[in-house]
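Have a look at the structure below before the remarks.
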Amino acid sequence: MGDSGTEMRVIYILAIASCLQIRGDDALRIRRFVDNSQNRQTLDATAVGTFSSPNYGNALYPANTTYTWLLITDPRQHVHLHFSNFSLETSPGCAHDQVRIYDGPSHLSRVLKVLCGHVLPSDVVSTSSTLLVLFLSNGANEDTGFSVIFSPYTPPLPPTEGYKDDGCHGNTQVITSSATFLSSPGYDGHSYYDNNIQCSWLIQAPAGMIVRLKFQDFFTEKIADCSYDYLAVYNGGDSSAPRLAQFCGLQFPDDIFSSGDRVLLKFVSDPDLTRTGFNLTFDFVPASNKCTMFRCGDGSCILEQMVCNRLAECPDRTDELLCDTNNSTCGMPTVSPSVASHRIVGGREATPHSHPWIVSLQINSSHICGGAILTDHWVLTAAHCFEANRHTPEWTVVAGKHSKDKYEQSAQVRQVERIAVYSTYDYLSTTDDIALVKVTAPFTFNAYVGTVCLPTREPVPGEYGIVAGWGEIMGTCCPDVLKQTTLPIVDRATCNQPDHLGNQVTRDMFCAGYEEGGQDACQGDSGGPFVIQDGDRWRIAGITSFGSLCAGMYWTEVFSLCVSAKSPGVYTNVYDYLAWIRQKVAMD
Numbered sequence: 001m002g003d004s005g006t007e008m009r010v011i012y013i014l015a016i017a018s019c020l021q022i023r024g025d026d027a028l029r030i031r032r033f034v035d036n037s038q039n040r041q042t043l044d045a046t047a048v049g050t051f052s053s054p055n056y057g058n059a060l061y062p063a064n065t066t067y068t069w070l071l072i073t074d075p076r077q078h079v080h081l082h083f084s085n086f087s088l089e090t091s092p093g094c095a096h097d098q099v100r101i102y103d104g105p106s107h108l109s110r111v112l113k114v115l116c117g118h119v120l121p122s123d124v125v126s127t128s129s130t131l132l133v134l135f136l137s138n139g140a141n142e143d144t145g146f147s148v149i150f151s152p153y154t155p156p157l158p159p160t161e162g163y164k165d166d167g168c169h170g171n172t173q174v175i176t177s178s179a180t181f182l183s184s185p186g187y188d189g190h191s192y193y194d195n196n197i198q199c200s201w202l203i204q205a206p207a208g209m210i211v212r213l214k215f216q217d218f219f220t221e222k223i224a225d226c227s228y229d230y231l232a233v234y235n236g237g238d239s240s241a242p243r244l245a246q247f248c249g250l251q252f253p254d255d256i257f258s259s260g261d262r263v264l265l266k267f268v269s270d271p272d273l274t275r276t277g278f279n280l281t282f283d284f285v286p287a288s289n290k291c292t293m294f295r296c297g298d299g300s301c302i303l304e305q306m307v308c309n310r311l312a313e314c315p316d317r318t319d320e321l322l323c324d325t326n327n328s329t330c331g332m333p334t335v336s337p338s339v340a341s342h343r344i345v346g347g348r349e350a351t352p353h354s355h356p357w358i359v360s361l362q363i364n365s366s367h368i369c370g371g372a373i374l375t376d377h378w379v380l381t382a383a384h385c386f387e388a389n390r391h392t393p394e395w396t397v398v399a400g401k402h403s404k405d406k407y408e409q410s411a412q413v414r415q416v417e418r419i420a421v422y423s424t425y426d427y428l429s430t431t432d433d434i435a436l437v438k439v440t441a442p443f444t445f446n447a448y449v450g451t452v453c454l455p456t457r458e459p460v461p462g463e464y465g466i467v468a469g470w471g472e473i474m475g476t477c478c479p480d481v482l483k484q485t486t487l488p489i490v491d492r493a494t495c496n497q498p499d500h501l502g503n504q505v506t507r508d509m510f511c512a513g514y515e516e517g518g519q520d521a522c523q524g525d526s527g528g529p530f531v532i533q534d535g536d537r538w539r540i541a542g543i544t545s546f547g548s549l550c551a552g553m554y555w556t557e558v559f560s561l562c563v564s565a566k567s568p569g570v571y572t573n574v575y576d577y578l579a580w581i582r583q584k585v586a587m588d
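Mapping to UniProt numbering: the sequence shown position 251 is 251, numbers consecutive.
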């Protein structure tokens with residue numbers, strides 16, 4: 001009952017170590033990372049203390065070095081880190097020198113942060129009594145390093161309103177009034193729930209009402225049949241009623257409605273791995289409010305075929321919000337993209353501001369993923385971008401940029417209000433790798449910032465599209481500016497051949513690239529748009545998801561990449577998600 005996701009990541013790290021024969025220093029660093037460091041200190045974090053990078057305050061830190069610090073405090077406390085100084089080599093995705101912080105005692109623990117550059121990081125708090133800090137440097141561009149103040153942190157007691165543990169003591173808790181939330185035992189968004197839990201809650205709505213569940217967070221141990229740790233939802237008063245859903249893993253479930261006035265929830269954990277659990281709100285709504293069609297922004301319902309028919313059937317016109325109309329300017333940049341065939345890896349600078357829809361999703365001013373603007377409030381990107389961090393206050397969206405790191409007056413920076421990940425996204429298989437991000441303030445559309453159009457058909461094998469991004473470029477060309485490549489779409493049967501991607505490309509994906517390799521999106525391009533020209537408009541056909549040796553969830557945490565023949569990039573097929581996109585944007 002091990003964590004197969006962790007095992008896959010370790011396997012991929014080891015695979016890259018053997019792949020990087022031309023970058024022996026990187027392979028050595030990966031081996032050191034897996035084997036752990038001899039330069040290791042164990043620090044008592046029950047009181048305030050400090051540690052720093054080697055030579056800090058006297059000289060630059062050494063090249064090709066690996067240090068780890070294991071901090072341990074009392075079992076009822078957490079570890080708090082405060083960086084008083086920080087200056088490391090800057091590199092895309094922190095691929096060169098970096099500080100990596102793990103939420104636990106080893107490199108197999110969850111990664112909290114990966115840091116580099118010259119911006120002072122925000123404070124870090126572990127979710128348990130141990131925390132591991134790893135420092136790596138490569139063979140060039142040493143800097144002054146960092147200093148850290150650590151201290152014990154006593155977490156606040158969880159809020160008392162809502163229902164949490166009362167249904168976990170052998171009896172089903174019956175709930176007849178709405179509450180602020182219902183969550184797994186001990187849920188605080190960071191701490192892990194206990195092993196061997198069995199909880200059940202029966203929510204009973206008043207006569208003539210039904211129950212609506214709205215999930216805020218969900219993360220349990222993952223297995224295909226959800227038989228280890230899970231939350232099951234039944235459409236009635238006991239487990240013999242029809243099961244509405246059974247969730248496990250990293251999930252973002254859609255709202256769930258009962259058909260009657262009762263719903264039963266059962267939460268179970270096994271003796272092995274645990275995660276942070278779940279948090280949901282629930283309320284009671286009239287039975288007539290359940291909508292199986294398109295729900296307008298004001299809550300009314302219309303038929304799906306009425307959406308995008310150029311007639312506003314919704315009172316608030318949200319049924320025509322993401323549709324091509326005669327006066328729509330989506331996908332029509334002031335400066336046209338170059339359609340020449342050049343790969344990102346190897347270096348082709350995009351014509352400045354020819355992709356006004358592209359944005360940089362950032363944490364602490366570091367580029368994490370790309371995205372594409374759909375409306376003045378909404379950005380389309382990949383779900384896997386939020387695996388490690390779904391805390392909206394830490395994310396920003398930057399539009400109107402060409403140079404990633406330099407100041408540009410055209411840039412617009414927005415805070416994130418909401419992250420909406422497709423409910424059945426699977427972080428192991430990367431199926432349904434799509435997400436929407438809502439910003440707190442609208443973008444101002446101009447020659448530098450604009451929208452891309454949604455697709456009107458499936459992508460066709462043989463046609464070409466453009467991928468753009470600020471990701472890893474293997475040390476060649478223009479690392480600070482937006483790059484682009486033109487790629488042909490490859491039919492799914494070819495992509496799934498054993499010597500290509502081996503049946504990894506599912507119905508919700510397509511692949512694109514050249515048979516000889518060497519041309520692909522790469523590290524840091526994840527979430528960015530694959531656009532196809534349609535007359536005078538550009539449409540987003542795909543979202544950069546993953547690849548055999550480039551771009552995607554496994555490659556955002558490694559040091560370098562190998563681009564191989566018969567290894568096309570894989571993209572989420574946006575056409576399959578049009579109904580979901582339009583519904584999410586209309587309702588929120």
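The beta-carbon is built from N, C-alpha and C at its ideal position, and this holds for glycine as well.
- Query: Does the distance from the C-beta atom of ASP255 to that of ARG212 stay below 9 angstroms?
  - Reply: For this step, residue 255 is matched to residue 255 along the sequence shown. For this step, residue 212 is matched to residue 212 along the sequence shown. It is a contact, given that the beta carbons lie within the stated cut-off.
Along the chain, where does the alpha helix (DSSP H) containing CYS495 start, and where does it finish?
Start at 1 with the first residue of the sequence shown, and residue 495 comes out as number 495. 492-495 is the extent of the alpha helix (DSSP H) around CYS495.
Subject >> From TYR577, HIS96, THR172, residue whose alpha carbon lies closest to that of TYR422 >> reply: Counting from 1 along the sequence shown, the entry for residue 422 is found at position 422. Out of TYR577, HIS96, THR172, TYR577 has the C-alpha closest to the C-alpha of TYR422.
Q.
One question on the structure: do CYS296 and GLY527 come within less than 9 angstroms of each other, judged by their Cβ atoms?
A. Residue mapping note: residue 296 aligns to position 296 of the sequence shown, counting from 1. Residue mapping note: residue 527 aligns to position 527 of the sequence shown, counting from 1. The answer is no: Cβ separation not under 9 angstroms.
**Prompt:** If you draw a straight line from the alpha carbon of PRO286 to that of CYS314, how long is it in whole angstroms?
**Reply:** Position 286 of the sequence shown, counted from the first residue, corresponds to residue 286. Position 314 of the sequence shown, counted from the first residue, corresponds to residue 314. Those two C-alpha atoms are separated by around 20 angstroms.
- Span of the beta strand (DSSP E) holding MET509? Your numbering for residue 509 matches position 509 in the sequence shown. It spans 509-512 - the beta strand (DSSP E) in which MET509 sits, taken as one unbroken run.
In terms of residues, what are the limits of the alpha helix (DSSP H) holding ALA63?
Numbered from 1 along the sequence shown, position 63 holds the residue referred to as residue 63. Per DSSP, ALA63 belongs to no alpha helix (DSSP H) and is neither H nor E.
- Beta-bridge partners of VAL233, as assigned by DSSP: Translated into the one-based positions of the sequence shown, residue 233 becomes position 233. Answer by DSSP bridge pairing, in chain order: ALA245, LEU265.
Bridge-paired residues (DSSP) for LYS113: Start at 1 with the first residue of the sequence shown, and residue 113 comes out as number 113. In DSSP, LYS113 forms a bridge with ILE101.
Secondary structure of ALA586, DSSP reduced to three states
By one-based count along the sequence shown, residue 586 stands at place 586. In the structure shown, ALA586 sits in a helix (DSSP, three-state: H, G or I).
Q: Below 8 angstroms on the Cβ atoms is my guess for ASP426 versus GLY471; work out the distance and round it to an integer in Å.
A: For the purposes of this step, residue 426 is taken as residue 426 along the sequence shown, with counting starting at 1. For the purposes of this step, residue 471 is taken as residue 471 along the sequence shown, with counting starting at 1. No, ASP426 and GLY471 are not in contact; Cβ-Cβ is about 23 angstroms, not under 8 angstroms.
Exercise. DSSP on VAL574, reduced to helix/strand/coil?
Worked result: Start at 1 with the first residue of the sequence shown, and residue 574 comes out as number 574. Here VAL574 sits in helix by DSSP.
Practice prompt. Could you tell me how far apart the beta carbons of LEU454 and ILE358 are, in whole angstroms, since I believe they sit closer than 8 angstroms?
Written response: Along the sequence shown, one-based indexing puts residue 454 at 454. Along the sequence shown, one-based indexing puts residue 358 at 358. Not quite, the Cβ-Cβ distance comes to about 15 angstroms (not below 8 angstroms), so this is no contact.
If contacts are defined as beta-carbon pairs under 8 angstroms, then ILE203 and VAL268 qualify, I think. What distance do you get, rounded to the angstrom?
Counted from its first residue, the sequence shown places residue 203 at position 203. Counted from its first residue, the sequence shown places residue 268 at position 268. Going by Cβ atoms, the distance from ILE203 to VAL268 rounds to 18 angstroms, so no, they are not a contact pair.
Where TRP580 sits in the DSSP three-state scheme: Counting from 1 along the sequence shown, the entry for residue 580 is found at position 580. DSSP places TRP580 in helix when its eight states are reduced to three.
Given a cut-off of 9 angstroms on the beta-carbon distance, is the pair LEU322 and LEU374 in contact? Position 322 of the sequence shown holds residue 322. Position 374 of the sequence shown holds residue 374. Yes, the pair counts as a contact, with Cβ atoms nearer than the cut-off.
If you draw a straight line from the alpha carbon of VAL111 to that of HIS355, how long is it in whole angstroms?
As a position in the sequence shown, residue 111 is number 111, starting the count at 1. As a position in the sequence shown, residue 355 is number 355, starting the count at 1. Computed Cα separation, rounded: 32 angstroms.
Query - Cα-Cα separation between ILE16 and ALA420, rounded to whole angstroms - result: In the sequence shown, residue 16 corresponds to position 16, counting from 1. In the sequence shown, residue 420 corresponds to position 420, counting from 1. Caution applies to ILE16, whose pLDDT of 34 falls short of 50 and renders its modelled position unreliable; the model cannot decide the point.
- prompt: Per DSSP, HIS78 is paired with what?
  reply: For this step, residue 78 is matched to residue 78 along the sequence shown. Note: HIS78 sits in a beta bridge opposite TYR153.
Apart from the five residues just before and just after ILE223, which ones in its own chain have a Cβ nearer than 6 angstroms to its Cβ?
Walking along the sequence shown from the start, residue 223 turns up at place 223. Closer than 6 angstroms at Cβ, skipping near neighbours: no residue.
query = With distances taken from CA atoms, which of GLN251, PRO242, VAL397, THR276 is nearest LEU265?
reply = Indexing the sequence shown from 1 puts residue 265 at position 265. Here the closest residue by C-alpha is PRO242.
Item checked: Bridge partner(s) assigned by DSSP for MET209 -> Residue mapping note: residue 209 aligns to position 209 of the sequence shown, counting from 1. BP columns for MET209 point to PRO286.
Rounded Cβ spacing between GLY145 and SER87 (contact assumed at less than 8 angstroms):
Indexing the sequence shown from 1 puts residue 145 at position 145. Indexing the sequence shown from 1 puts residue 87 at position 87. Right, the Cβ-Cβ distance comes to about 7 angstroms (below 8 angstroms), so this counts as a contact.
Review point. Run through DSSP, which three-state label would GLY346 get?
Key: As a working note, residue 346 is residue 346 in the sequence shown. Residue placement at GLY346 is flagged as unreliable, the pLDDT there being 44, under the threshold of 50; a coordinate-derived value is accordingly withheld.
Check the DSSP bridge columns for ARG414 and list the partner residues they point to.
-> Along the sequence shown, read from residue 1 onward, the residue named residue 414 stands at position 414. DSSP output for ARG414 lists VAL397 as bridge partner(s).
Excluding five sequence neighbours on each side, which residues of the same chain lie with their C-beta closer than 7 angstroms to the C-beta of GLN415?
Counted from its first residue, the sequence shown places residue 415 at position 415. Here the set comprises THR396, VAL439, THR440.
The beta strand (DSSP E) enclosing LYS438, as first and last residue numbers: To locate residue 438, count along the sequence shown from 1; it is residue 438. Residues 435-439.
(message) Suppose contacts are defined by Cβ-Cβ distances below 9 angstroms. Is VAL467 in contact with LEU436 by that definition?
(response) Residue 467 sits at position 467 when you count from the first residue of the sequence shown. Residue 436 sits at position 436 when you count from the first residue of the sequence shown. Contact flag unset, no.
Is it buried or exposed for MET293, if we count other Cβ within 10 angstroms and need 16 for buried? Taking the first residue of the sequence shown as position 1, residue 293 is located at position 293. By the 10 Å Cβ count, MET293 comes out exposed.
Between which two residues does the beta strand (DSSP E) carrying PHE51 extend? As a first step, residue 51 is located in the sequence shown; it is residue number 51 there, counting from the start. Note, PHE51: beta strand (DSSP E), 49-52.
| query | What do you reckon, are the CB atoms on PHE443 and HIS377 nearer than 9 angstroms? | reply | What you label residue 443 is simply residue 443 of the sequence shown in a count that begins at 1. What you label residue 377 is simply residue 377 of the sequence shown in a count that begins at 1. A contact, by the Cβ cut-off of 9 angstroms.
Output the boundary residues of the beta strand (DSSP E) element that contains TRP378.
Position 378 of the sequence shown holds residue 378. From DSSP, the beta strand (DSSP E) with TRP378 extends over 378-381.
Practice problem: With a cut-off of 8 angstroms on the beta carbons, I'd call SER360 and VAL398 a contact; round off their distance for me. | Solution: If you number the sequence shown from 1, residue 360 lands on position 360. If you number the sequence shown from 1, residue 398 lands on position 398. Their Cβ separation, rounded to whole angstroms, is 5 angstroms, which keeps SER360 and VAL398 in contact under 8 angstroms.
**Request:** Return helix, strand or coil for PHE443, following the three-state DSSP convention.
**Result:** As a working mapping, residue 443 is identified with position 443 in the sequence shown. DSSP places PHE443 in coil when its eight states are reduced to three.
Straight-line gap, GLU142 to MET332 (C-alpha atoms, nearest Å)
If you number the sequence shown from 1, residue 142 lands on position 142. If you number the sequence shown from 1, residue 332 lands on position 332. Between GLU142 and MET332, the C-alpha separation is close to 44 angstroms.
Spatial distance of LEU380 from PHE510 (CA atoms)
As a working note, residue 380 is residue 380 in the sequence shown. As a working note, residue 510 is residue 510 in the sequence shown. Answer to the nearest angstrom: the Cα atoms are 17 angstroms apart.
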